[in-house]
């Protein structure tokens, strides 16, 4: 029996450190910890795919939390079934559950469905809040820092892109983007 570990974060800005530390503390060797820095909704997870190739019958995969394995309930069930057919068990450290045994598999299935429902509810609330904010006139994203009208005015005076960029303290490429946008509007 060998211990392997799997850790995943949803964005490249998030850190794997806490998950990796927990896996090491649980006895997983550093060279047997596989990681992914992508959303679970992406099917290309190189760390998980490499882990699939490495594990053998009798091995155990440790994962810090249930929601780190799959992107939704169907994906989790598929992965658990795949590992189970190879004789590989999965243990979730924070949740204190394992795929070993019939009850373990059932609990994992139920909990992954609950986790998926919670993620969906969070998305719904976020979208509702965003829609309400838009209706109230709240704008999203950063404010434009380029005075497009000033660029157009200077250009109409025959001033070139480099001189405009220097005068407004912006990149010349920004000036060209404004020029291009105006050209497209004229077509």
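In our numbering, the protein residues as written are 742 to 928. Glycine included, every Cβ here is placed at the ideal spot set by N, Cα and C.
Measure how close the beta-carbons of residue i and residue j come, nearest whole angstrom, since I'm counting them as under 8 Å.
i, j, result
"residue 840", "residue 825", "6 Å"
"residue 747", "residue 821", "At roughly 12 Å, the Cβ-Cβ gap does not stay under 8 Å, so residue 747 and residue 821 are not in contact."
"residue 800", "residue 745", "6 Å"
Closest by CA to residue i, which one among the options?
i, options, result
"residue 894", "919, 749, 881", "919"
"residue 838", "806, 856, 747", "806"
"residue 816", "849, 872, 913", "849"
"residue 766", "750, 889, 834", "834"
"residue 777", "769, 908, 755", "755"
"residue 908", "865, 770, 892, 750", "892"
"residue 836", "852, 914, 861", "852"
"residue 812", "862, 749, 769, 869", "749"
Go ahead and label residue i buried or exposed: buried means 16 or more other beta carbons lie within 10 angstroms of its beta carbon, across all protein chains shown.
i, result
"residue 764", "buried"
"residue 867", "exposed"
"residue 831", "buried"
"residue 881", "exposed"
"residue 792", "buried"
"residue 760", "buried"
"residue 774", "buried"
"residue 889", "exposed"
"residue 872", "exposed"
"residue 864", "exposed"
"residue 794", "exposed"
Cβ atoms of residue j and residue i: under 7 Å apart, would you say?
i, j, result
"residue 804", "residue 810", "yes"
"residue 814", "residue 854", "yes"
"residue 916", "residue 900", "no"
"residue 779", "residue 829", "no"
Item to check | Segments of 4+ residues assigned as alpha helix (DSSP H) that fall wholly inside the region 742-820 | outcome: 758-766, 787-795
Item to check | 4 or more residues per run - each alpha helix (DSSP H) lying fully within the region 822-886 | outcome: 843-876
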